[in-house]
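Novice: Sequences listed follow chains R and C, in order.
My numbering puts the first residue of the first sequence at 11, with every later residue one more than the last.
My numbering puts the first residue of the second sequence at 2, with every later residue one more than the last.
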Amino acid sequence: MTDPVLEVRGLRVEFDLPGGRLPAVAGVDLTLRRGEILALVGESGSGKSALSMSLVGLNRGPRTHISGEVSFGGRNLVEAPESELRLVRGKDITVVFQDALAALNPLHRAGAQVAEMIRTHRDVSRAAAWDRSVALLGEVGIASPRENAKAYPHQLSGGMRQRVMIAMGLANDPAVLIADEPTTALDVTIQAQVLGVLERLRADHGTSIILITHDLGVVAEVADRVAVMYAGAIVEQGTREEVLFAPQHPYTMGLLASVPPVDGPIAARLPAIPGSPLTGIDRPAGCAFAPRCAFAHDACAERPALTRRFGGPGHLDACVLDEPARAAARPEGSRS
Amino acid sequence: MTVPLIRAEGLRVEYPGRSGGKVRALRDVDLDIFEGETLGLVGESGCGKSTLGRALLRVLEPAAGRIEFLGLDITRLRGRAFRRIRADLQMVFQDPFGSLNPRRRVADIVAEPLLRARGATRAEAAAVAGDLLDLVGLGGEAGLRRPGEFSGGQRQRIGIARALASSPQFVVADEPVSALDVSIQAQVVNLLSDLVRDRGLTMLFISHDLGVVRHIADRVAVMYLGEIIEIAARDDFFAAPLHPYSQALLSSVPALRAGGRRERIVLEGDLPDPANPPGGCLFSTRCRDVVERCRTSRPELREIGPGRSVRCHLVKEADS
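(1) Give me, in chain order, the residues of the same chain whose beta-carbon lies closer than 7 angstroms to that of P5 of chain C; leave out the 5 immediate sequence neighbours on both sides.
(2) Roughly how many angstroms lie between the CA atoms of A338 of chain R and P314 of chain R, to the nearest whole one?
(3) On the DSSP bridge assignment, give the partners of S218 of chain R in chain order.
(4) I need the boundaries of the alpha helix (DSSP H) containing D332 of chain R, first residue and last residue.
(5) Short of 9 angstroms Cβ to Cβ, which residues in the stretch 152-166 of chain C face chain R?
(6) Report yes if the C-beta distance between R22 of chain R and D39 of chain R is below 8 angstroms; otherwise report no.
(7) Between the Cα of R147 of chain C and the Cα atoms of C:L196, C:G72, C:V111, which residue gives the shortest distance?
(8) Taking the alpha-carbon positions, what's the P14 of chain R to A90 of chain R distance?
(9) Between M178 of chain R and S168 of chain C, what straight-line distance do the alpha-carbon atoms span, to the nearest angstrom?
(10) Which chain C residues sit within Cβ distance under 7 angstroms of T194 of chain R?
(11) So with Cβ pairs under 8 angstroms, would you call H259 of chain R a contact of chain C?
(12) Could you tell me the boundaries of the alpha helix (DSSP H) in which H131 of chain R lies?
(13) CB-CB under 7 angstroms to Y225 of chain C, same chain, minus the five flanking residues each way: which ones, in chain order?
(14) How is G169 of chain R classed by DSSP in three states: helix, strand or coil?
(15) Indicate whether at least one CB of chain R lies closer than 8 angstroms to the CB of E228 of chain C.
(16) Any beta carbon from chain C within less than 8 angstroms of F255 of chain R's own beta carbon?
(17) Helix, strand or coil: which one does DSSP assign to H216 of chain C?
(18) By Cβ distance below 8 angstroms, which residues in the same chain neighbour G131 of chain C in space, the five residues on each side in sequence not counted?
(19) Please report the residue range of the beta strand (DSSP E) in which L268 of chain C lies.
(20) Can G88 of chain R and G78 of chain R be called in contact, C-beta distance under 8 angstroms?
(21) Taking 6 angstroms as the limit between beta carbons, can you name the residues of its chain near L272 of chain C, skipping five residues before and five after?
(22) Within its chain, find whatever has a CB closer than 8 angstroms to the CB of L196 of chain R; leave out the 5 residues flanking it on each side and keep chain order.
(23) Is it right to say N115 of chain R is buried, meaning 16 or more other beta carbons lie within 10 angstroms of its own, or is it exposed?
(24) Give me, in chain order, the residues of the same chain whose beta-carbon lies closer than 7 angstroms to that of P279 of chain C; leave out the 5 immediate sequence neighbours on both sides.
(25) Is the beta carbon of I207 of chain C closer than 8 angstroms to that of G72 of chain C?
(26) Below 8 angstroms, can you find three or more Cβ-Cβ pairs linking the stretch 258-269 of chain R to the stretch 285-303 of chain R?
(27) Which class does R136 of chain R belong to by DSSP, given the choice of helix, strand or coil?
(28) Under the assumption that M175 of chain R contacts V229 of chain R (Cβ atoms under 8 angstroms), give the Cβ distance between them as a whole number of angstroms.
(29) Does the beta-carbon of T217 of chain R have 16 or more other beta-carbons within 10 angstroms, so that it is buried, or is it exposed?
(30) From S344 of chain R to S100 of chain C, what distance separates their C-alpha atoms?
(31) Using a Cβ cut-off of 8 angstroms, pull out every chain R residue sitting near G212 of chain C, in sequence order please.
(32) On the DSSP bridge list, what partners appear for H75 of chain R?
(33) Using only the alpha-carbon positions, how far apart do T74 of chain R and T193 of chain R sit?
(34) Is the beta carbon of D74 of chain C sitting closer than 8 angstroms to the one on Q170 of chain C?
(35) Counting only beta-carbon atoms, is L243 of chain C nearer than 8 angstroms to chain R?
(36) Could you check whether the Cβ of P281 of chain R sits closer than 8 angstroms to any Cβ belonging to chain C?
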């Protein structure tokens, strides 16, 4: 196993809301290894974005309470002062957002925005930064990078803008790239191109990537490992094959079953998960998924720890069901 | 063959382009939708699928072509005659947040099409709204609350109840589950298929999600740059799409089951600028099978087998 780049221990992120405190991230342990693509999967309100933003303190503020440990390069980033974090962001750990049109400055040329990112963190000439910017745009698959570097964001297509964002994220050869729903706004044929860029990055530079997504298809395409989040906690974690093809947690099973496939038998009705995801302040004392789980019973009144139960060595889940019950719950097709 | 419920002939929609010219969003589309069927309309953003849905409901004014409803030309109907037809043609929108007036009570939102189009009394409309809210699984008492108090999936149920209030025959559902969480999508898809079956609805189901379309549609039409490039029965289409673009689209859907992985066709480049479309076949700039003829001559949508048409020079009748 390769060495960890980033280690998260007991991370909690809570937001003060008018009615009380929202536990957006309710105690998460997570390890990111060098050169891997780790997908963080969850629905709205699952805490996947709050978790990733808090890794580099992007959601710090008077109403946000972040505690726990984020170890990176021998430091705990949760306790690092803002001045120190600012140096980490954009250089060692960079974040690529979903909405490239909102995140890019409409008044600056694409190449200039990448060049500025370089000059903020490195002492290089304007000309050298521009050349490096053009090279990066080429590397993320932008055609005619010399010409397109001079374009303004609105003159580029959605897929091209997302690539400019990735080029900015790469500008200083970071150890970790956090990509928050990088392909959600894109069409499938363009999504395939952008995911290809991420894979190439990992292969060529050994960049570790945290990929935040609600899309299980994206996970199937590029992830090495997957962590599934529900109501602020990781409920299942393992390799892509383990989580997608041999899921252990009923929530993961339900998510997989509710995506209708493009081949194989067609179900008369889609197996839906009843109810809605938990998004409010009030959380059940026990398993957060129990109110929607068809297999919930008395033992679910106590919150299960994320640990290895019936999966492989690295395949963890937070569910008290025994093996026969899991086998019965597993959707068709993933049953081995 | 029976008279289609909805027929489009040479339907063209244009909007003004940046440089003063006209951009063609819909390029002379011919389409028949038959009573009781669900037609899935797929394609990427900007392909014209929403434009087609809106034009069929006359939300958009076509620049050319005609629309028939049960054989009646409704392209230029106005006033009371159109209002009577309007009740039969309804729409479910993608965005369950933007499409409901936040200041009105849910019961009033649902009842509105009934009051406007069918001329129902307030009491009748209120009773129907209560029944519909029950039908979509929210319960009649939900009518007293306002949209802001509901989740995305619940708001989509409100949107569906509103679309059904005037007992329409034809419903256009434009990406009705795209904005919803995965676990909620399945609930709403099931609700729509129940309604189609129980109420004998005819539906145009617009989606970029091929899995959902396969689940709910009887036939599938694929659009690219304002044209229909393939149309086929659901099972024929998913067993073997014939247009190279359809093939690329289907191959880009990731498999979520062990051993289900297919060969992936990655398309080069972006969708061409609709204001400046390529000559010949509109897909020729991204097609991996392209030959010289594709760049010079524009293919027609040809029927190559029963109920199956493709717009491609390279597809032979024997292929079907």
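Ideal Cβ placement from N, Cα and C applies to all residues, glycine included.
Please read all numbers here as calculations on a predicted model, not as lab measurements.
Specialist: Once the coordinates are examined:
(1) D33, I34, F35
(2) Rounded to the nearest whole angstrom, the CA to CA distance from A338 of chain R to P314 of chain R is 20 angstroms.
(3) R:V186.
(4) Looking at the DSSP string, D332 of chain R is not in any alpha helix (DSSP H), and its letter there is neither H nor E.
(5) Closer than 9 angstroms at the C-beta level to chain R, one finds these residues of the stretch 152-166 of chain C: S152, G153, G154, Q155.
(6) no
(7) C:V111
(8) About 20 angstroms.
(9) 52 angstroms
(10) Result: empty, since nearest Cβ-Cβ is about 10 angstroms, beyond 7 angstroms.
(11) no
(12) 120-131
(13) G44, C48, Y246, L283, F284
(14) Three-state DSSP puts G169 of chain R in a helix.
(15) With 8 angstroms as the cut-off, E228 of chain C does not count as an interface residue toward chain R.
(16) Yes, its Cβ sits closer than 8 angstroms to a Cβ of chain C.
(17) Three-state result, H216 of chain C: helix.
(18) A108, G141, G144
(19) Unbroken run through L268 of chain C: none, as it is neither H nor E.
(20) Looking at the sequence provided, one finds Val at residue 88 of chain R rather than Gly. Between V88 of chain R and G78 of chain R, the C-beta spacing is below 8 angstroms.
(21) G47
(22) G168, G169, Q172, V204
(23) exposed
(24) P273, S285, T286
(25) The Cβ atoms of G72 of chain C and I207 of chain C do not sit closer than 8 angstroms to each other.
(26) yes
(27) helix
(28) Not a contact, Cβ separation roughly 20 angstroms.
(29) By the 10 Å Cβ count, T217 of chain R comes out buried.
(30) Confidence in S344 of chain R is poor, its pLDDT being 48 and thus under 50, which makes the residue's placement too unreliable to answer from.
(31) The contacting residues are V269, P270, P271, V272.
(32) R:E24
(33) 28 angstroms
(34) no
(35) no
(36) It does: the Cβ of P281 of chain R has a partner Cβ on chain C nearer than 8 angstroms.
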